[in-house]
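J.: Below you will find the structure I want to go over with you.
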Amino acid sequence: MKNLVIAVDGPAGAGKSTIAKIVAKKLNINYIDTGAMYRAITYKCLKNDIDVDNEEEVKKVAKDTDIDFRDNNIYLDGAIINDEIRTIDVSNNVSNVAKIKEVRYLMVDVQREIGKKSSVILDGRDIGSYVFPNADYKFYLVATPHERGARRHKELTEKGYEVSIEEIINDIIKRDEIDSNREFAPLVKAEDAIEVDTTGKTIEDVVESVLGKINL
Ligand code: CDP
Numbered sequence: 026m027k028n029l030v031i032a033v034d035g036p037a038g039a040g041k042s043t044i045a046k047i048v049a050k051k052l053n054i055n056y057i058d059t060g061a062m063y064r065a066i067t068y069k070c071l072k073n074d075i076d077v078d079n080e081e082e083v084k085k086v087a088k089d090t091d092i093d094f095r096d097n098n099i100y101l102d103g104a105i106i107n108d109e110i111r112t113i114d115v116s117n118n119v120s121n122v123a124k125i126k127e128v129r130y131l132m133v134d135v136q137r138e139i140g141k142k143s144s145v146i147l148d149g150r151d152i153g154s155y156v157f158p159n160a161d162y163k164f165y166l167v168a169t170p171h172e173r174g175a176r177r178h179k180e181l182t183e184k185g186y187e188v189s190i191e192e193i194i195n196d197i198i199k200r201d202e203i204d205s206n207r208e209f210a211p212l213v214k215a216e217d218a219i220e221v222d223t224t225g226k227t228i229e230d231v232v233e234s235v236l237g238k239i240n241l
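Convert by adding 25 to the 1-based position in the sequence shown; the result is the number in the numbering used here.
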């Protein structure tokens, strides 16, 4: 049987990863958080004092990095970095790393390889528009900036991070702007993607509307 590819795109904090994780479990397929890959490169740069605006240096880091997903963990050069990549510091810098074309080429290669080998749901910004233009299903999740900020704030404070809601909303708005305006593979709704507005909806509601569109 052909591998199934499901793309879930949308702006920061629209609930993509929460929904994609649950859908992956229900359908018993793999889940790839492509944002985590860009975050991992960003984390490595920050840790090694590399200026994320120095494209040449960032490209070198990306080339020299091994990223892997296993058992719901993300590995950076062999070490689990699930929590380290969620800090506001990484969030504030990741869009500058993700706009570098060569970095994207490297990440996209890994994503396409995974899609070749197994059925998978991927969440990101350019999955339906660029990485898998022939995906079987494409979803584009949106919500108001305020709701996205409030959700992310809850998530981070539950993990023990001290960060204000204003700071998070600012980060989200800034990242959306950089992600939407970059030259190569920007954040965009693919023409054939199904838009789901998650504002005011529960996780269960959104999962139900996504699963309702998938016929296996
Ligand atoms: O979870 P959240 O919506 O905050 O973001 P994320 O999915 O972890 O992605 C972090 C950042 O990585 C985004 O703001 C983009 O700059 C970049 N990204 C990208 O360029 N392309 C992707 N396919 C996924 C993420």
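Note that the Cβ used here is the ideal one computed from N, Cα and C, for glycine as well. Quick caveat, the model's predicted, so the values are computed rather than measured.
Let me confirm a value: Lys-142 is counted as buried when at least 16 other C-beta atoms fall within 10 Å, else exposed. Which label applies?
T.: By 1-based counting over the sequence shown, the position of residue 142 is 117. Flag for Lys-142 reads exposed.
J.: Strictly by DSSP, which residues pair up with Ile-31?
T.: Position 6 of the sequence shown holds residue 31. Per DSSP, Ile-146, Tyr-162.
J.: Can we say the region 145-159 touches the region 212-229, given the rule of at least three CB pairs closer than 8 Å?
T.: The region 145-159, when compared against the region 212-229, does touch it at the 8 Å Cβ threshold.
J.: So what's Arg-176 in DSSP terms, helix, strand or just coil?
T.: Taking the first residue of the sequence shown as 1, we reach residue 176 at position 151. Arg-176 falls in the helix class under three-state DSSP.
J.: Can you tell me which of the three DSSP states Ile-113 falls into?
T.: By one-based count along the sequence shown, residue 113 stands at place 88. In the structure shown, Ile-113 sits in a helix (DSSP, three-state: H, G or I).
J.: Could you spell out where the beta strand (DSSP E) holding Val-242 opens and where it closes?
T.: Outside the modelled stretch of the chain, which goes from 26 to 241, sits residue 242, for which no answer is possible.
J.: According to DSSP, is Val-188 part of a helix, a strand, or is it coil?
T.: In the sequence shown, residue 188 corresponds to position 163, counting from 1. It is coil, neither helix nor strand.
J.: What would DSSP say about Ile-125, mapped onto helix, strand or coil?
T.: Along the sequence shown, read from residue 1 onward, the residue named residue 125 stands at position 100. Residue state, collapsed to three classes: coil.
J.: Determine the DSSP secondary structure at Asp-93, reduced to helix, strand or coil.
T.: In the sequence shown, the residue the question calls residue 93 occupies position 68. Of the three classes helix, strand and coil, the one that applies to Asp-93 here is strand, per DSSP.
J.: Compute every distance between the C-beta of Ala-61 and the non-hydrogen atoms of ligand 1, then say whether any falls below 7 Å.
T.: Position 36 of the sequence shown, counting from 1, holds the residue named residue 61. Correct: Ala-61 has its Cβ closer than 7 Å to ligand 1.
J.: Under three-state DSSP, which class holds Val-167?
T.: Along the sequence shown, read from residue 1 onward, the residue named residue 167 stands at position 142. Three-state DSSP puts Val-167 in a strand.
J.: Let me confirm a value: His-171 is counted as buried when at least 16 other C-beta atoms fall within 10 Å, else exposed. Which label applies?
T.: In the sequence shown, residue 171 corresponds to position 146, counting from 1. Counting Cβ neighbours within 10 Å, His-171 comes out exposed, since fewer than 16 surround it.
J.: Can Ile-152 be considered in contact with ligand 1, in the sense that its beta carbon sits closer than 7 Å to one or more heavy atoms?
T.: Looking up residue 152 in the sequence shown gives position 127. The answer is yes for Ile-152.
J.: If you draw a straight line from the alpha carbon of Val-145 to that of Ile-113, how long is it in whole angstroms?
T.: Residue mapping note: residue 145 aligns to position 120 of the sequence shown, counting from 1. Residue mapping note: residue 113 aligns to position 88 of the sequence shown, counting from 1. Cα to Cα, the separation comes out at about 28 Å.
J.: At a cut-off of 7 Å, would you count Ser-42 as near ligand 1, judging by its Cβ distance to the nearest heavy atom?
T.: Residue mapping note: residue 42 aligns to position 17 of the sequence shown, counting from 1. Indeed, a heavy atom of ligand 1 lies less than 7 Å from the Cβ.
J.: Evaluate Asn-118 with the Cβ neighbour count: other Cβ atoms within 10 Å of its Cβ, from every protein chain shown; 16 or more gives buried, anything less gives exposed.
T.: Stepping through the sequence shown from its first residue, residue 118 is reached at position 93. Buried.
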